[in-house]
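Colleague: One structure coming up, written as structure tokens, with questions to follow.
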């Protein structure tokens with residue numbers, strides 16, 4: 004009979020395997036890959052040719068708000084457009100139907116949403132009001148009831164002051180409390196839009212009631228076009244501005260006075276066409292994450308990368324979207340955990356420059372090495388991907404109980420946890436609660452149909468199912484690429500060691516002297532485990 008396994012020792016072993024990493028390893032492993040699942044895809048149509056320039060915000064643990072621009076009749080920037088919204092109550096796995104939100108009223112359109120949760124928990128919604136070729140300006144509305152109702156709009160820039168462009172997902176609040184928004188002022192000459200803009204930041208020190216203009220970013224070399232700036236506060240309190248340009252790179256400028264004045268621009272290491280980037284800080288790890296088009300000319304591929312040196316270098320670039328003949332652009336980022344984020348972007352044929360359908364992807368793993376704020380002394384430790392193998396997690400045995408404790412613990416601490424099963428669940432609702440941060444995979448092998456029989460047919464089917472199980476699990480592990488694969492002494496025991504997916508294989512067994520009574524209480528007389536090896 005097997006001895007009881009001490010869970011604390013298993014946890015200690017797993018964590019220690021990752022703590023012993025050098026600083027060089029940490030820097031090199033910021034973003035090893037992004038495992039994507041599609042959260043939402045809204046295809047364009049003749050009537051609605053474009054959905055784009057939106058933002059996502061997590062209002063509560065169980066509430067996400069999505070706001071984006073919906074164009075009617077045509078997809079050009081001056082076509083009629085409104086703002087619409089959707090909500091998710093399951094961390095982005097599903098979304099409500101599209102609901103009209105902000106109408107354009109007497110303007111040409113309203114577009115380019117930015118959502119920001121302020122330090123007082125007020126939700127701020129910024130967007131552009133476009134009245135003409137010479138009058139476009141950002142406004143802001145506020146909600147104090149979890150986005151149920153909104154205030155009247157406040158103009159951040161005086162109407163009829165010029166044509167100001169503010170992208171989606173651009174507003175930030177500094178650690179000092181100041182709200183800052185970046186804009187690019189453009190002009191029209193003889194009805195033709197002038198691509199080179201003058202870059203400013205507007206700021207508010209009274210939570211958005213009044214707004215003030217800072218100095219412009221110093222003009223650059225002749226021929227260098229400035230457009231669609233974004234900003235991010237650095238850990239030292241300075242602000243990094245990243246600017247869309249026509250010279251094949253995103254350009255940087257810095258402010259040391261909370262967005263009032265700016266340094267001369269310099270080229271970054273983000274290779275980019277004339278297309279906007281989005282940079283956000285992971286609040287769980289302090290790493291910066293960029294989403295942008297890694298190309299000199301085209302808006303494809305759309306990529307993601309991480310930085311632990313405040314944007315000076317970007318490591319482990321991963322492709323998010325690379326569909327031939329298409330473009331993807333105007334991304335927005337929202338972090339759900341240390342190693343999970345939602346990325347919103349628009350995708351369409353090249354001739355529409357990517358402005359058409361709207362897509363949200365759920366991306367894992369964000370960072371393999373993180374510096375968590377909850378860890379004493381900011382200890383660096385690696386985010387783990389752990390796969391548990393069990394026939395049926397829904398049952399009421401000691402193994403299932405221990406699995407729920409372990410898996411929930413790791414998932415709630417930011418690790419990427421997967422549970423792989425082989426049987427149709429015995430119970431519709433598992434006997435023990437599992438975190439909604441855990442990913443479940445059912446291989447649908449159904450050993451139960453051929454177990455406990457010496458019939459030649461059933462023996463043959465048992466062998467066949469074993470081969471099918473090995474094939475399916477091997478394929479899944481090569482997709483997931485876990486760090487640890489843990490068998491709870493189930494059907495994969497005979498072949499797990501032979502799978503070459505790169506994970507460390509662990510055999511884990513639990514036994515309870517009350518297991519028979521528990522099984523009888525919850526599951527009836529069938530399926531009682533002997534507890535013998």
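Residue numbers (the working numbering): 4 to 536.
Idealized CB from N, CA, C, for every residue including glycine.
1. With DSSP as the reference, please indicate the residues paired to residue 220 in a beta bridge.
2. Identify whether residue 103 lies in helix, strand or coil by the three-state DSSP scheme.
3. Tell me whether the region 427 to 437 and the region 462 to 478 touch, counting them as touching only if at least three CB pairs, one residue from each stretch, are closer than 8 Å.
4. Count the CB pairs spanning the region 326 to 340 and the region 256 to 275 that are closer than 8 Å, and state whether there are at least three.
5. Going by Cα to Cα distance, which pick from 151, 176 and 230 is closest to residue 121?
6. From residue 103 to residue 78, what distance separates their C-alpha atoms?
7. Please specify which runs of the beta strand (DSSP E), each continuous and at least 3 residues long, are wholly inside the region 96 to 155, giving them in chain order.
8. DSSP on residue 462, reduced to helix/strand/coil?
9. For residue 315, count the other beta carbons within 10 Å of its own beta carbon; 16 or more makes it buried, fewer makes it exposed. Which is it?
10. Along the alpha helix (DSSP H) that carries residue 415, what are the first and last residues, could you check?
11. When DSSP labels each residue in this structure, what does residue 57 get in the three-state scheme?
12. Quick check: residue 202 and residue 127, are their CB atoms within less than 9 Å of each other?
13. Throw me the rounded Cβ distance for the residue 227 and residue 149 pair, which I believe falls under 8 Å.
14. If you run the structure through DSSP and keep just helix, strand and coil, what is residue 483?
15. On the DSSP bridge assignment, give the partners of residue 343 in chain order.
16. Tell me the rounded alpha-carbon separation between residue 396 and residue 424.
17. In whole angstroms, what separates the C-alpha of residue 383 from that of residue 69?
18. Rounded to whole angstroms, what is the Cα-Cα separation between residue 363 and residue 348?
19. Would the beta-carbon of residue 273 fall within 9 Å of that of residue 244?
20. DSSP state of residue 261, grouped into three classes?
21. Counting Cβ pairs closer than 8 Å, one from the region 91 to 103 and one from the region 141 to 155, do we hit at least three?
22. Please determine, among 117, 119 and 493, the residue with the shortest C-alpha to C-alpha distance to residue 448.
23. Mind checking whether residue 136 and residue 163 have CB atoms under 9 Å apart?
24. Find the nearest neighbour of residue 83 within the set 101, 199 and 51, judged by alpha-carbon distance.
25. Assuming residue 249 is part of the beta strand (DSSP E), what are its boundary residues?
26. Could you check whether residue 236 and residue 187 sit closer than 9 Å to each other, using their CB atoms as the reference points?
27. Would you kindly work out how many angstroms separate the C-alpha atoms of residue 259 and residue 233, rounded to a whole number?
28. Confirm, please, whether the CB-CB distance from residue 63 to residue 129 is below 9 Å.
29. Whole angstroms is fine: what's the gap from residue 512's alpha carbon to residue 248's?
30. Using DSSP with H/G/I as helix, E/B as strand and the rest coil, what is residue 46?
31. For residue 2, does the count of other Cβ atoms within 10 angstroms reach 16, so buried, or fall short, so exposed?
32. Cβ atoms of residue 365 and residue 389: under 9 Å apart, would you say?
33. Which first and last residues belong to the beta strand (DSSP E) in which residue 72 is found?
34. Is the beta carbon of residue 300 less than 9 Å from the beta carbon of residue 276?
35. How many angstroms separate the CA atom of residue 225 from the CA atom of residue 250?
Modeller: Walking through what the data contain:
1. Residue 220 pairs with nothing; no bridge assigned.
2. Here DSSP, grouped into helix, strand and coil, assigns residue 103 to strand.
3. Touching, no.
4. Of all C-beta pairs linking the region 326 to 340 to the region 256 to 275, fewer than three are shorter than 8 Å, placing the two stretches out of contact.
5. The shortest Cα separation from residue 121 among 151, 176 and 230 belongs to 176.
6. Take the alpha-carbon of residue 103 and the one of residue 78: they are about 18 Å apart.
7. Listed in chain order, the complete beta strand (DSSP E) runs (minimum 3 residues) inside the region 96 to 155 are 102 to 105, 112 to 120, 126 to 135 and 138 to 146.
8. The answer is helix: DSSP assigns residue 462 an H, G or I state.
9. Result: exposed.
10. If you look at residue 415, you'll find it in the alpha helix (DSSP H) that goes 401 to 415.
11. Strand at residue 57.
12. Their beta carbons are not under 9 Å apart, which means residue 202 does not touch residue 127 by this criterion.
13. So it is not a contact: roughly 43 Å between Cβ atoms.
14. If DSSP states are grouped into helix, strand and coil, residue 483 belongs with the helices.
15. Bridge partners of residue 343: 340.
16. The straight-line gap from Cα to Cα measures roughly 7 Å.
17. With a pLDDT of only 38 at residue 383, under 50, the local geometry of the prediction cannot be trusted, and no value is derived from it.
18. Approximately 7 Å between the Cα atoms of the pair.
19. Between residue 273 and residue 244, the C-beta spacing is not below 9 Å.
20. In this structure, residue 261 counts as coil in the three-state DSSP scheme.
21. When C-beta atoms of the region 91 to 103 are compared with those of the region 141 to 155, fewer than three pairs fall below 8 Å, so the two segments do not count as touching.
22. Checking every option, the nearest Cα to that of residue 448 belongs to 493.
23. Contact: no.
24. The candidate whose alpha carbon is nearest that of residue 83 is 51.
25. Annotation: residue 249 is outside any beta strand (DSSP E) and is labelled neither H nor E by DSSP.
26. No, Cβ-Cβ distance for residue 187 and residue 236 is not below 9 Å.
27. For residue 259 and residue 233, the distance between alpha carbons rounds to 16 Å.
28. No; because the gap between Cβ atoms is not below 9 Å, this pair is not in contact.
29. Taking the straight line from one Cα to the other gives about 58 Å.
30. Of the three classes helix, strand and coil, the one that applies to residue 46 here is coil, per DSSP.
31. No statement about residue 2 is possible, as the shown extent of the chain runs from 4 to 536 and does not include it.
32. No, these two residues do not count as a Cβ contact at 9 Å.
33. Looking at the DSSP string, the run of the beta strand (DSSP E) that includes residue 72 is 66 to 74.
34. It is a contact, given that the beta carbons lie within the stated cut-off.
35. Per the coordinates, the alpha-carbon of residue 225 lies some 11 Å from the alpha-carbon of residue 250.
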